[in-house]
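Our numbering puts the first residue of the sequence shown at 4, with every later residue one more than the last. We treat Cβ as the ideally placed atom computed from N, Cα and C, and that holds for glycine. Quick caveat: nothing in here was measured; it's all calculated off a predicted structure. Here the structure comes first, spelled out in structure tokens, and everything after it is commentary.
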Amino acid sequence: MTNGEMNSGSDLREGLLSGSAHSPPAQMKRIGIDDMLRLHAGELGRWQLRHFVLTCAAWALEAFHTMVMIFADREPAWQCKFPGGCPPDNCGIPAVSWEWVEGSAASTVSEWGLICGQRYKVGLSQSAFFAGCMVGAGVFGHLSDSFLGRKGSLTIVCILNAISGVVTSLSPTYWFYTGFRFLNGFGTGGVGLCAFVLATEPIGPSKRGVAGMSTFYFFSGGIAILAGVAYLFPTWRTLYIVSSLPSIVFVLLIIPFISESPRWYLIRRQTAKAMDIMRTIARCNGREIPPGITLKLDDEDDEENSKECSQVAESGSIIDVLRLRRTRLRLILMVGINFLCAIVYYGLTLNVVNLKTNLYLNVTLNSVAEMPAFVITAVLLDRLGRKPLGVGTMMLSGVSCSIGFFISGTGVLMKTIRMICGVIGIFGMAAMYNLLFIYTTELFPTVVRNAALGCVTQATQLGAILAPLVVVAGQSLPFAVFGVCGIVGALLTYYLPETMNKPLYDTMTGLEDGEGKFVI
Numbered sequence: 004m005t006n007g008e009m010n011s012g013s014d015l016r017e018g019l020l021s022g023s024a025h026s027p028p029a030q031m032k033r034i035g036i037d038d039m040l041r042l043h044a045g046e047l048g049r050w051q052l053r054h055f056v057l058t059c060a061a062w063a064l065e066a067f068h069t070m071v072m073i074f075a076d077r078e079p080a081w082q083c084k085f086p087g088g089c090p091p092d093n094c095g096i097p098a099v100s101w102e103w104v105e106g107s108a109a110s111t112v113s114e115w116g117l118i119c120g121q122r123y124k125v126g127l128s129q130s131a132f133f134a135g136c137m138v139g140a141g142v143f144g145h146l147s148d149s150f151l152g153r154k155g156s157l158t159i160v161c162i163l164n165a166i167s168g169v170v171t172s173l174s175p176t177y178w179f180y181t182g183f184r185f186l187n188g189f190g191t192g193g194v195g196l197c198a199f200v201l202a203t204e205p206i207g208p209s210k211r212g213v214a215g216m217s218t219f220y221f222f223s224g225g226i227a228i229l230a231g232v233a234y235l236f237p238t239w240r241t242l243y244i245v246s247s248l249p250s251i252v253f254v255l256l257i258i259p260f261i262s263e264s265p266r267w268y269l270i271r272r273q274t275a276k277a278m279d280i281m282r283t284i285a286r287c288n289g290r291e292i293p294p295g296i297t298l299k300l301d302d303e304d305d306e307e308n309s310k311e312c313s314q315v316a317e318s319g320s321i322i323d324v325l326r327l328r329r330t331r332l333r334l335i336l337m338v339g340i341n342f343l344c345a346i347v348y349y350g351l352t353l354n355v356v357n358l359k360t361n362l363y364l365n366v367t368l369n370s371v372a373e374m375p376a377f378v379i380t381a382v383l384l385d386r387l388g389r390k391p392l393g394v395g396t397m398m399l400s401g402v403s404c405s406i407g408f409f410i411s412g413t414g415v416l417m418k419t420i421r422m423i424c425g426v427i428g429i430f431g432m433a434a435m436y437n438l439l440f441i442y443t444t445e446l447f448p449t450v451v452r453n454a455a456l457g458c459v460t461q462a463t464q465l466g467a468i469l470a471p472l473v474v475v476a477g478q479s480l481p482f483a484v485f486g487v488c489g490i491v492g493a494l495l496t497y498y499l500p501e502t503m504n505k506p507l508y509d510t511m512t513g514l515e516d517g518e519g520k521f522v523i
């Protein structure tokens, strides 16, 4: 072999060795967030618990801004100025012959004379708040999915609530007050929505359902705390200021320690930031994400497969829900059930002003009664099934309210019995509220699930708007309305199919093929 051939062979070997030394790294393995949480980061560890508690504190703020109307719009006690017989109603006597026991600054009713023929204005301002909630939920639901993100939207609604709450306390007239309550509702409508999504998205799939139901504890706890605050600050203007300031405290002291959702970063194509959060979750949970693993969206795959899937991907709208008989009937039933449930739940919560008992104690009892209802729902959900549990809880609430309607008299015993009927009614309806979100999700296939949920949510808000107008009708009539709503809601629930241990269908065709012919 000549020297030239030897040098040529040597150069060839060096080139091959050099090429192997600089060969491209192995391809990254791409998995979804749920798989990464389940396999590597942990589904519900120390990081998720801390993040969940901090984020769900916003639900207590929502309770403050929603239920403050119970105390701000109450009708205080009054007394006659002159000795002698005092009639039970102050509508038929001259204004100069009676006075408010706590002064005119105690509530909006006493300050602006919202009694007798003006009593409807109390329900009108409360309905304006829930109308703002309906608009705000839609606006901030969209913004939290787009450029603002979950954390950014939560920050804005808390600031908006703090400002609008303080401004409400400065209302010079009733109509300014009503307008500011609408604005306050606009921000409040986004608080629970943003907090729920932000708190539950970093939690693994097997733990997410239990965590989602646990958010209601913070709302009920917020109502109980508000009752104590209202007792300490009895004038309505001061109460609005005190109940609004915690929103600023939340923005300044808690939100900096809350992380943006890794899912939002992922859908915004900011995979590096999503991976940073996932590594932080794993590290705090005592786990580790192996090198060579990164995130992908659920519908992503290899380049060739993703192109193919994009051509056959299905989408749906509310029109598709209405077009198919089975889903049309389910939607009509769920709209009616959620509408009736909202009337009873918010109506009973606001109706404490008509019971003529200790307002602060009654509100506290109602909020405490909700908590075991959430526990019972979580325990019995997969034992009794959705349908029997739904029928039972709505019927319990309806029958209890009907009994409250037939209880007459002004004695302490009769008032106590009506209060107990209201507490039992709240217990049953709170359990149903906890169930409805899961039930609605399971009734509709993936392609139309969000459309159906959006329609059902609008029905819930409409029921909440109507509830204050029922409350201002008097002492006995609201119980009759709530009783009828509960019983009718139970009958509607009876016609829904059972979804326990049934698959979650992805397409309308899959639902048709998988369900029995005569099952709605």
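Problem - Helix, strand or coil at M511 [DSSP, three-state] - result: helix
Practice task
Kindly indicate which three-state DSSP category C488 falls into: helix, strand or coil?
Solution key: helix
Handout entry: Bridge-paired residues (DSSP) for K418
Key = According to DSSP, K418 bridges with nothing at all.
Problem - Other residues of its chain near S368: CB distance less than 6 Å, five sequence neighbours each side excluded - result: Before going further, note that residue 368 is Leu rather than Ser in the sequence given. V426, listed in sequence order.
Handout entry: Beta-bridge partners of R33, as assigned by DSSP
Key = T297
Handout entry: Sequence-distant residues of the same chain with beta carbon closer than 6 Å to L399, five excluded per side
Key = G431
Handout entry: Range covered by the alpha helix (DSSP H) that runs through E114
Key = 111-115
Problem - Buried or exposed by the 16-neighbour rule on C-beta atoms within 10 Å, applied to V459 - result: buried
Practice task
Using the DSSP secondary-structure output, state which residues sit across from C83 in a beta bridge.
Solution key: W101
Problem - With 16 other Cβ atoms within 10 Å as the buried cut-off, status of S174 - result: buried
Problem - Closer than 7 Å: G192 CB and nearest the ligand ADP heavy atom - result: The ligand ADP is not part of this structure, which contains no ligands at all.
Exercise for the section: Count the other CB atoms, across all protein chains shown, that sit within 10 Å of the CB of R266; report buried if there are 16 or more and exposed otherwise. Expected result: buried
Practice task
Reducing DSSP to helix, strand and coil, say where G525 ends up.
Solution key: Because the chain spans 4 through 523 in this model, residue 525 falls outside it and cannot be assessed.
Practice task
Would you tell me roughly how many angstroms separate the C-alpha atoms of Q478 and N357, rounded to the nearest one?
Solution key: 5 Å
Exercise for the section: Could you have a look at E445 and say whether DSSP puts it in helix, strand or coil? Expected result: helix
Practice task
Taking only the alpha-carbon atoms, compute the straight-line gap between I379 and A434 and give it to the nearest angstrom.
Solution key: 8 Å
Practice task
Would you mind working out which of C136, V200, E102 sits nearest Q461, comparing C-alpha positions?
Solution key: C136
Practice task
Under the assumption that A455 contacts L334 (Cβ atoms under 8 Å), give the Cβ distance between them as a whole number of angstroms.
Solution key: 6 Å
Exercise for the section: Note down, in chain order, each residue of its chain lying with its Cβ closer than 6 Å to the Cβ of F222, except the 5 sequence neighbours on either side. Expected result: W62, A66
Exercise for the section: Count the other C-beta atoms from every protein chain shown that fall within 10 angstroms of the C-beta of G401, then say buried if there are 16 or more, exposed otherwise. Expected result: buried
Handout entry: Secondary structure of F236, DSSP reduced to three states
Key = coil
Exercise for the section: Answer with buried or exposed for D76, where buried requires no fewer than 16 other C-beta atoms within 10 angstroms of its C-beta. Expected result: buried
Practice task
State the Cα-Cα distance for the pair S403 and L343, rounded to the nearest angstrom.
Solution key: 15 Å
Problem - Nonlocal neighbours in the same chain, by C-beta distance under 6 Å from A227, ignoring five residues either side - result: T367, S370
Practice task
Give a yes or no on contact between the region 240-251 and the region 148-164, applying the rule of three or more CB pairs nearer than 8 Å.
Solution key: yes
Handout entry: Rounded C-alpha distance that separates V451 from L387
Key = 27 Å
Exercise for the section: Pick helix, strand or coil for M503, following the three-state DSSP scheme. Expected result: coil
Handout entry: Buried versus exposed call for Q51 [16 or more other C-beta atoms within 10 Å across all chains shown]
Key = buried
Handout entry: Beta-carbon contacts of M39 that lie in its chain and below 8 Å, excluding the five residues immediately before and after
Key = M281, I292, I296, L298
Exercise for the section: Note the first and the last residue of the continuous alpha helix (DSSP H) segment covering K390. Expected result: 389-409
Exercise for the section: Could you check what DSSP says for F143 in three-state terms: helix, strand or coil? Expected result: helix
Practice task
Indicate the three-state DSSP secondary structure (helix, strand or coil) for A275 in the structure shown.
Solution key: helix
Exercise for the section: Specify whether the region 203-219 and the region 125-139 touch according to this definition: at least 3 beta carbon pairs, one from each stretch, less than 8 Å apart. Expected result: no
Practice task
Classify D76 as helix, strand or coil using the three-state DSSP reduction.
Solution key: coil
Exercise for the section: Report buried or exposed for I73, applying the criterion of at least 16 other Cβ atoms within 10 angstroms of its Cβ. Expected result: buried
Practice task
Return the Cβ separation of T496 and V394 in integer angstroms, given the expectation that the two are a contact with Cβ distance under 8 Å.
Solution key: 5 Å
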